Amino acid sequence: MIRKFRLGSPYDTNAVITPLQAESIWDFPFNPAVTDGCFEFSFLMRQDDIVYGLGEAVRGINKRGWIYESYCSDDPFHTESKRSLYAAHNFIMLGGSGCFGIFVDCPARVRWDVGYTQPDETRVTVFAKDFDVYLITADSPREVVREFRSAVGKSYVPPFWAFGYQQSRWSYHNADAVDRVVRGYDEAKIPLDCVYLDIDYMQSFKDFTVNENAFPDFKEYVSAKKEQGIRLIPIIDAGVKKEEGYEIYDEGIKNGFFCKNADGSVFEAGVWPGVCAFPDFLKPEVRRWFGSKYRYLIDMGIEGFWNDMNEPALFYSANGLNAALDEAVDAKGKNFDLGGFFHIKDVFTGLSNRQEDYSSMWHSIDGKAVNHQDVHNLYGACMTRAAGEYFAENYGEGEILMFSRASYIGAHRTAGIWFGDNHSWWSHILLNLKMLPSANMCGFLYCGADLGGFNDNATRDLVLRFLALGVFTPLMRNHSALGTRDQECYSFGDAGDFRDIIEVRYRLIPYLYKIFCAASADSEMIFRPLSFDYLGDKIARECETQLMLGDDCMIAPVYEQNVSGRTVYLPEDMRLLRLSGTRVESSELKKGIHYVDVALNEVPLFVKKGKKIPLCQPALRTRDLKTDELEFV
Ligand code: GLC
784 MIRKFRLGSP YDTNAVITPL QAESIWDFPF NPAVTDGCFE FSFLMRQDDI
834 VYGLGEAVRG INKRGWIYES YCSDDPFHTE SKRSLYAAHN FIMLGGSGCF
884 GIFVDCPARV RWDVGYTQPD ETRVTVFAKD FDVYLITADS PREVVREFRS
934 AVGKSYVPPF WAFGYQQSRW SYHNADAVDR VVRGYDEAKI PLDCVYLDID
984 YMQSFKDFTV NENAFPDFKE YVSAKKEQGI RLIPIIDAGV KKEEGYEIYD
1034 EGIKNGFFCK NADGSVFEAG VWPGVCAFPD FLKPEVRRWF GSKYRYLIDM
1084 GIEGFWNDMN EPALFYSANG LNAALDEAVD AKGKNFDLGG FFHIKDVFTG
1134 LSNRQEDYSS MWHSIDGKAV NHQDVHNLYG ACMTRAAGEY FAENYGEGEI
1184 LMFSRASYIG AHRTAGIWFG DNHSWWSHIL LNLKMLPSAN MCGFLYCGAD
1234 LGGFNDNATR DLVLRFLALG VFTPLMRNHS ALGTRDQECY SFGDAGDFRD
1284 IIEVRYRLIP YLYKIFCAAS ADSEMIFRPL SFDYLGDKIA RECETQLMLG
1334 DDCMIAPVYE QNVSGRTVYL PEDMRLLRLS GTRVESSELK KGIHYVDVAL
1384 NEVPLFVKKG KKIPLCQPAL RTRDLKTDEL EFV
C-alpha cells in the first residue's frame, strides 16, 4: 500500500507518476514535527533491523550508523566521512520486525540521521516547507521496492549495444587517439563497443561544438567508426560558455533561458570553459530548447551521451574568487601562524561549490522566482530529462544512450547514471558493489562505476578485479582521469587475462539483457542484498560483499589485493561456475562458508539449484553476437 502526505504546495518533481490523494503531513505516522524551522520525522529501529536505500551514497548496503545528506555534490573523494555524493535518492526502507519504505519527494536538502545521534532511531530532516512524503508498506523488502518502483514508473532501457564493453578516458584528444584505442583492443582481440569523448572533443569546452582540428570531418569519422562497430559517446556539460557569438549562449540570453541572480541579471560561475551561464532546466521551454540541441551531434551519427557537471558543479564565482584574491593580496608578506595559514588555504580550496553561490542562483517556475536551494537536487535530473524526453519523442524510447552524473528519482525513466569520480582504490570495488542494490531500489538500473577507478593510478590486478565485477553491471565502462596512468586493457603488457574477463561479459550479454528488461518491466531489482532473499539467515542478512543477481544467481567478486580468492557464504547449495574466456568450470558447493580460489582471469558466478544460465559465443562487438545460439550451463 502507498500513501501520500503533503506539506504546503510542492513543485511537481515528476518523480511519482501514480496519481494519489494527498493526506495532511500531520497524519504521517512517524512523529512529524517542526524543529528549528525544519520539518522532521523519526522512527525507532530494533537491534536487528536493517535500513536500506538512499541509492548512490557512501558506506554500506545497511545504512545504519551514519548521517547522509541528499544534496547533489561534485565531490571526487568518496570516503566514509562524506555525507553526499552526486545524486539525491530519497528512498529509505526499514526491513526487519516491520517493513516499510519512505520516499521524501523534496528537491531541497534532506538529512538522514540513521542511528548516528541515537543508535536506535532514524531521524529525517527536510529543509523545505513544500513537499510530499510517501509511505509504502508491504510484507517484505522486495515487495516494498516493487510497490515504490511501480509508483515512480518503469526504468530506462538503453540500446542493446550499451551492454557492450566501453572504454573512456579524460581524454582521447583527437581522432588518432581514438583510433589507437580501437586498434589496441582489436589487436589484443578484446571486445569493445564504445569509445568516449571527454570534454576535449569540443571547441573551447563549448557544448554542441566539435573541435575541428582534433576531428577534421567529425560526421565522416563517426560513420567510419560505426562501420567498425564502434560508437563514440560525447560528454555534455551543464554550464554554457559565456561568449557572444556562440549560438547556445546567445539564444539562452535572448530568450531568458538562464538562471538569474536576485537582481535579475544572469547568474554566472566558472567551469571548464571559464565563465558559464546555467540553463534553467526547471522550465519546460528550456528543457525543450536544450534537448533539441543534442540533434546537432545526432545528425553527425552520434547515438549516446553522458551528461556531466550537472549538480551543478561550480568551480568559482566572481564574488568568491575576488574575495579570495583580495585576502591573498592582504596576506602578502605576512608571517602566518597555524590559524592564519590554514584560513588562507581554505579560502582557496573552498571556492568551488560554495553554499553562498548556490543561494544566489534563482530559477523561474510558473513565473515565480524560486531560490536554487529549494530545487537544487532536481537540476541535473531536469537536464537529463531535457535530453531524455527529446530523444524519446524524436528517435523512440531507448534508441539513444543517456546517462548522467547528478540525478533524482524520476530521472530513472529516461536515463541511467554512473557513480562519478571514484578512485583506483581496492575499497572502491566494494563501494561500487554496495551502491548497486541501493541504486536499483531507487529505479536506476542502467548504472555502474568507473571500472579500474577514475582518480589515481591503477594497477593491473585492480583493473582486472574491478572488471570482474563490471562484467555484471549494466554499464561496463573503464574510465580514468587526466594525468593518471593508462588504464586501457592492453596497457598492462599481456592482455590475455583482460580478454578472458571481457569475453565472459559478451557471453553473458543475452542473459544480462533479459534480466535487465524484466527488472524494468516488473519493477524489480537486478541486484539484491542477500538479506532480501534469505530473511531468517543471520549471515546472509549481514553480508555486504555479495549480491543476488536476478532470480538465479549470486555474485561474489574479489575485492582485495594479493589474494588468490575470497571467502564466500552460500545461503543454500549452489553451483560455482568459474568463467574465463570460453572456458567454464563447474563445481557443486554446499550451503555454508567456503574459500573460493579465483584467478585474475576468472569471473566466479554462483548458480542456484535447478537454474540454467544461457551463454553465447563471444564476439568483438555486440552486433556480432549470435544471441539465438545459446548453450546452457
Ligand atoms: C568530471 C567527470 C569525469 C570527467 C571529467 C572531465 O570529473 O565526473 O568523468 O572525465 O569531469 O570531463
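Numbering of the sequence shown is given in this note's numbering, commencing with residue 784 and proceeding in unit increments. Note that CB positions come from ideal geometry on N, CA and C, so glycine has one too. Since we're looking at a predicted model, the values are computed, not measured.
Each residue's CA atom was taken as its position, placing residue 1372 and residue 1362 some 16 Å apart. The beta carbon of residue 1174 sits closer than 6 Å to the beta carbons of 1183 from its chain, once the five residues preceding and following it are set aside; these are given in chain order. Remark: the C-beta of residue 1411 is outside contact range of the ligand GLC, defined as less than 7 Å to any heavy atom. In this structure, the beta-carbon distance from residue 1016 to residue 980 falls below 8 Å.
Note on geometry: alpha-carbon atoms of residue 1028 and residue 929 lie some 50 Å from one another. Excluding five sequence positions before and after residue 867, the CB atoms of its chain that fall closer than 6 Å to its own CB belong to 852, 854 and 856, given in chain order. Residue pairing of residue 1057 in beta bridges, as defined by DSSP: 1054.
In the three-state reduction of the DSSP assignment, residue 807 falls in the strand class. Minimum Cα-Cα distance from residue 1365 among the listed residues 1161, 1277 and 1415 corresponds to 1415.
Taking a 10 Å sphere around the C-beta of residue 888, we find 16 or more other C-beta atoms and assign the residue as buried.
With a contact defined as Cβ atoms closer than 8 Å, residue 1178 and residue 1156 miss out at about 35 Å. The alpha-carbon separation between residue 784 and residue 796 amounts to approximately 21 Å. Taken in chain order, the complete beta strand (DSSP E) segments of 3 residues or longer contained in the segment 1058-1136 are 1087-1091. The beta carbon of residue 1370 sits closer than 6 Å to those of 1359, all from its chain and outside the five residues before and after it, given in chain order. By the C-beta density criterion, residue 968 is buried, having at least 16 other C-beta atoms within 10 angstroms. Within the same chain, and ignoring the five residues on either side of residue 1090 in sequence, the residues whose Cβ sits closer than 6 Å to its Cβ are 1019, 1166, 1167 and 1187. The residue among 1066, 1222 and 1099 with its C-alpha nearest the C-alpha of residue 1152 is 1066. One thing to note: residue 1145 has its Cβ within 8 Å of the Cβ of residue 1043. With a cut-off of 7 Å, the C-beta of residue 1091 is classified as near the ligand GLC, since at least one heavy atom of the ligand falls inside that distance. Distance from the CA of residue 862 to the CA of residue 1235, rounded to the nearest whole angstrom, comes to 17 Å. Annotated three-state conformation of residue 853 is strand, per DSSP.
Going by DSSP, residue 1387 is part of no alpha helix (DSSP H) but of the beta strand (DSSP E) stretching over 1386-1391. Going by beta carbons, residue 790 and residue 826 fall outside the 8 Å limit. Of the other Cβ atoms in all chains shown, 16 or more fall within 10 Å of the Cβ of residue 989; this residue is therefore buried. Sequence-distant Cβ neighbours of residue 870 in its own chain, meaning closer than 6 Å and more than five residues away, are 838, 839 and 1190.
The alpha-carbon separation between residue 886 and residue 909 amounts to approximately 12 Å.
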